[in-house]
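Protein chains: 2
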Amino acid sequence: MHFQNDLLLKAAKAETTQRTPVWLMRQAGRILPEYRKVRAIAKDFKTLVKTPELAAEVTIQPVDILGVDAAIIFSDILVIPEAMGLNYEMEESKGPVFPKCIMSPADLSGIHVAQAEELHYVLDAIKLTKRQLNGRVPLIGFSGAPWTIFSYMVEGGGSKTFSKAKKMLYTQPEFSHRLLTMITESTINYLKGQITAGADIVQIFDSWAGILSPEQYAEFSLKYIARICDAIDNAPTIVFAKGAYFAREEMNKLHCQVIGMDWNMDIQESRKMMPDKILQGNLDPCALYGSLDDVKRETRKMIDAFGPRRHIANLGHGLYPDIEVDKVKCFIDTVKEYSSSAR
Amino acid sequence: MHFQNDLLLKAAKAETTQRTPVWLMRQAGRILPEYRKVRAIAKDFKTLVKTPELAAEVTIQPVDILGVDAAIIFSDILVIPEAMGLNYEMEESKGPVFPKCIMSPADLSGIHVAQAEELHYVLDAIKLTKRQLNGRVPLIGFSGAPWTIFSYMVEGGGSKTFSKAKKMLYTQPEFSHRLLTMITESTINYLKGQITAGADIVQIFDSWAGILSPEQYAEFSLKYIARICDAIDNAPTIVFAKGAYFAREEMNKLHCQVIGMDWNMDIQESRKMMPDKILQGNLDPCALYGSLDDVKRETRKMIDAFGPRRHIANLGHGLYPDIEVDKVKCFIDTVKEYSSSAR
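Chains A and B are the protein sequences, given in the same order.
Residues 172 to 514 (our numbering) make up the first sequence, in order.
Residues 172 to 514 (our numbering) make up the second sequence, in order.
This is the structure in structure tokens:
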């Protein structure tokens, strides 16, 4: 495929680029009025996720409106538990809620390893998006990391401590590994399906990495991420494990190209710990609450700290819904201008 | 004062002890049926905090029932904003809620720097507890760190991202420093008052340390913790900054004796980064969900990793309310037995 802009893919392959590529986690979403219009047509979040035409439309919006160097398919990490047989509802104020959750080995009989075809609506959205993008920028596919998906399946929703999910690791380690294996296999099928459908690069989100001890993280999360990375051999992979600062040296050994960093992680220290990786991140999303001058200053500081090579600019977390569009644009424009001039 | 058991104070002064002292964050609380009885008499949480006789009773319960090496005064970090003029309510399921919060410089006119006397009910509870303990074990006083208190005052309650509080740091840094200074002065008055009333050692809890970038943490949190540590010169001080792994080298410079660690922090690495400090912690509270054998094994592993000196055993966070009492006892007994035999 010929791209008009393949900065992201070049950077992910450690090739030199004329400037630092930039995209944002949650770039397609509530910050854009254009998104909110489509969201209103879809009525609810899950309909939007399951309607390829609408999902493709909101996926492409930030490419047009914000000028990012990549699109990321509009979807949700919880499509995996659903495809495995565990339905969820998205409540506007509370976030995801699972009416039934996994509480004991007996509950495994109600779920199965998902095949990519069971997530045909995501694959269709990817195909449609690719056609409509027509090579303007690459398309990012994604999934949750097995530990994060496991947390939701056991906890039944979000939580401050995820103590039910962690309790399971301590009290039923064998059962936990069985469930994690099922999620891992489903995720491999799903990500391979996304790549076949047209995703140019995939990101694995381990949103709840930071609540595990280093030892448990190695055993119950990183091992499964490694298995996924080993299985994905036809597209570059990004691993974003929020809060897993303690696992950086281990993450350097993953069979992936890019590591996403949150804003707590020191950039120099991370470079030393992950010398083999392209680093992605890591401005604090709250920095975009500042004035335009503040945003410019903080963005330049970030670019300086990462240096001109082996970096994909992003935030250290998803955009918050009340961040103003002009601040987001300012971040993107500053990355583009400043990283061009800095070379 | 003559103590029957002053292991905690000796350890905090880096003196050799015949075994590792142990206490637990939230040791007085919902895990104990005896606590729940007193709580029922008090009707609501705030009445319990504000009634010295009842607060003293629940403070001493874990000394009798669990055999910990210290009592910690039963109270709440949010008594400080309340004494400053910002009332809060404790809602059973939601946690603290502030009907009015600090949103702009104009709101500062409604609050003031608190004097210790305004928190007379805590000081009275400390005096009563000290009389009733009669030297059995030391009594720990405590407060929130200014940044954590600031977060609640601006956010109006708990939050996943504390984005309102962080927004304030980015958009109104000067105003943020003014509010942080007021909280810091109130906290110094309060902790000095606690020590005069009889607290033998004090702990500063920075519960929301982990949501700031290293740079913002230095500017908006650690600076104020340092000011408090500098002002407290008549009792040892413990600083527990949850998630502030990135600030460990800086924390080694604080004028405090003990640093509390969460369970994400690697013990060897922390020893290297904080060679001048006694370390406190750091078992994952969820480890107490395991079997008694699991608890013993994990506790011994922790004791081995810290070694026999310069350690105060604790969890890496407060006890969760659904942890069973016999698991908590097992943790405490294992620390006592294993750390005695290991010498």
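Just so it is clear, CB atoms sit at the ideal spot from N, CA and C, and this is done for glycine as well.
Since the model is a prediction, treat every value here as computed from it, not as a measurement.
Would you list the one or two residues that DSSP bridges to GLY364 (chain B)?
Bridge pairing for GLY364 (chain B): absent [DSSP].
Name the two residues that bound the continuous beta strand (DSSP E) containing ALA484 (chain A).
Bounds of the beta strand (DSSP E) holding ALA484 (chain A) are 482-486.
Can you list the alpha helix (DSSP H) stretches of 4 or more residues lying completely in the stretch 390-463 of chain B, in chain order?
Fully enclosed alpha helix (DSSP H) runs of no fewer than 4 residues occupy 394-402, 419-422 and 438-444 of the stretch 390-463 of chain B, in order along the chain.
Would a check of beta-carbon distances place TYR416 (chain A) closer than 9 angstroms to chain B?
Output row for TYR416 (chain A): interface = yes.
Please determine, among A:SER441, A:PRO456, A:ASP404 and A:LEU362, the residue with the shortest C-alpha to C-alpha distance to ILE503 (chain A).
The residue with the shortest Cα to Cα distance from ILE503 (chain A) is A:PRO456.
Interface residues of the stretch 384-406 of chain B facing chain A [CB-CB below 8 angstroms]
Taking 8 angstroms as the Cβ-Cβ cut-off against chain A, the residues of the stretch 384-406 of chain B that qualify are SER384, PRO385 and GLN387.
May I have the straight-line CA-CA distance separating PHE216 (chain B) from LEU310 (chain A), to the nearest angstrom?
Rounded to whole angstroms, PHE216 (chain B) to LEU310 (chain A) spans 52 angstroms at the Cα level.
My assumption, with CB atoms under 8 angstroms, is that GLU228 (chain B) sits in contact with VAL209 (chain B). Please give the rounded CB distance.
Contact holds; Cβ gap of about 6 angstroms.
Could you check the C-alpha separation between GLU508 (chain B) and TRP434 (chain B) for me, to the nearest Å?
C-alpha separation (whole angstroms): 22 angstroms.
If you run the structure through DSSP and keep just helix, strand and coil, what is ASP232 (chain A)?
Position check: residue 232 (chain A) holds Gln in this sequence, whereas Asp was assumed. In the three-state DSSP reduction, GLN232 (chain A) falls in the helix class (H, G or I).
Straight-line Cα distance separating ALA296 (chain A) from SER246 (chain A):
A straight line joining the alpha-carbon of SER246 (chain A) with that of ALA296 (chain A) spans about 9 angstroms.
Would you check if the distance between the CB atom of ILE396 (chain B) and the CB atom of ALA316 (chain B) is smaller than 9 angstroms?
Between ILE396 (chain B) and ALA316 (chain B), the gap from beta carbon to beta carbon is short of 9 angstroms.
Please confirm whether ASN435 (chain A) has its beta-carbon closer than 9 angstroms to some beta-carbon of chain B.
Yes, contact with chain B.
In chain order, what residues of the stretch 479-504 of chain A put their CB closer than 7 angstroms to some CB of chain B?
Within the stretch 479-504 of chain A, the qualifying residues are TYR491.
If you draw a straight line from the C-alpha of GLN198 (chain B) to the C-alpha of THR187 (chain B), how long is it?
THR187 (chain B) has its alpha-carbon roughly 25 angstroms from the corresponding atom of GLN198 (chain B).
So ALA254 (chain A) and SER357 (chain A) are supposed to be a Cβ contact under 8 angstroms. How far apart are they, rounded?
About 7 angstroms; that satisfies the 8 angstroms criterion.
Mark ARG481 (chain A) as exposed unless 16 or more other C-beta atoms lie within 10 angstroms of its C-beta, in which case mark it buried.
Around the beta-carbon of ARG481 (chain A), 16 or more other beta-carbon atoms lie within 10 Å, marking it buried.
Would you mind telling me which residues of chain B sit closer than 7 angstroms to CYS457 (chain A), beta carbon to beta carbon, in chain order?
Contact annotation for CYS457 (chain A) against chain B: SER334, LYS337, LYS338 and TYR341 [CB-CB distance below 7 angstroms, chain order].
List the residues that DSSP assigns as beta-bridge partners of ASP295 (chain A).
Under DSSP, no beta-bridge partner is assigned to ASP295 (chain A).
Whole-angstrom distance between PRO407 (chain A) and GLY266 (chain B), CA atom to CA atom:
Each residue's Cα considered, the two are about 43 angstroms apart.
Less than 7 angstroms between C-beta atoms, sequence neighbours within five positions excluded: which residues of the same chain meet that for VAL506 (chain B)?
For VAL506 (chain B), where only same-chain residues beyond five positions count, the Cβ hits under 7 angstroms are THR191, VAL193, THR470, ILE474 and ALA484.
Residue closest to ASN360 (chain B), alpha-carbon to alpha-carbon, out of B:ASP240, B:HIS283 and B:GLU420:
That would be B:HIS283, whose Cα lies nearest to the Cα of ASN360 (chain B).
Is the Cβ of SER357 (chain B) closer than 9 angstroms to any Cβ of chain A?
Answer no: the Cβ-Cβ gap between SER357 (chain B) and chain A never drops below 9 angstroms.
Straight-line gap, GLU489 (chain A) to PRO479 (chain B) (C-alpha atoms, nearest Å):
This sequence places Gly at residue 489 (chain A); Glu is not what is there. In this structure, the CA atom of GLY489 (chain A) is about 43 angstroms from the CA atom of PRO479 (chain B).
Would you list, in chain order, the members of the stretch 257-289 of chain B that have their beta-carbon closer than 7 angstroms to a beta-carbon of chain A?
Hits within the stretch: zero.
So the alpha helix (DSSP H) MET324 (chain A) belongs to, where does it begin and stop?
Residues 317-326.
Members of the stretch 441-470 of chain B that neighbour chain A once the beta carbon cut-off is set at 7 angstroms:
Residues are counted here when their Cβ sits less than 7 angstroms from a Cβ of chain A; for the stretch 441-470 of chain B these are ASP455, CYS457, ALA458, TYR460, GLY461 and ASP465, given in chain order.
Between which two residues does the alpha helix (DSSP H) carrying PRO252 (chain B) extend?
If you look at PRO252 (chain B), you'll find it in the alpha helix (DSSP H) that goes 250-255.
On a Cα-Cα basis, can you pick out the residue from B:ASP278, B:ASP371, B:PRO233 and B:GLN387 that is closest to PRO252 (chain B)?
Minimum Cα distance to PRO252 (chain B) is reached at B:ASP278.
GLY461 (chain A) versus ILE231 (chain B) - alpha carbon distance
Roughly 47 angstroms separates the two Cα atoms.
Mark THR300 (chain B) as exposed unless 16 or more other C-beta atoms lie within 10 angstroms of its C-beta, in which case mark it buried.
Buried is the call here.
When you compare the stretch 321-334 of chain A with the stretch 364-372 of chain A, are there three or more beta-carbon pairs, one atom per stretch, that lie closer than 8 angstroms?
Result no; under three Cβ-Cβ pairs closer than 8 angstroms.
Excluding the 5 residues preceding and the 5 following MET436 (chain B) in the sequence, name in chain order all residues of the same chain whose CB lies nearer than 8 angstroms to its CB.
Hits under 8 angstroms: TYR416, ARG419, GLY452, ASN453 and GLY487.
With 9 angstroms set as the bound, which would you pick, yes or no: does the beta-carbon of GLY315 (chain B) sit closer than that to a beta-carbon of chain D?
Looking for chain D here will not work: the only protein chains present are A and B.
Along the beta strand (DSSP E) that carries VAL209 (chain B), what are the first and last residues, could you check?
Run containing VAL209 (chain B): none in the beta strand (DSSP E); it sits in the alpha helix (DSSP H), 204-213.
Between ILE366 (chain A) and GLY327 (chain A), how many whole angstroms is the CB-CB distance? I'm expecting something under 8 angstroms.
No, ILE366 (chain A) and GLY327 (chain A) are not in contact; Cβ-Cβ is about 31 angstroms, not under 8 angstroms.
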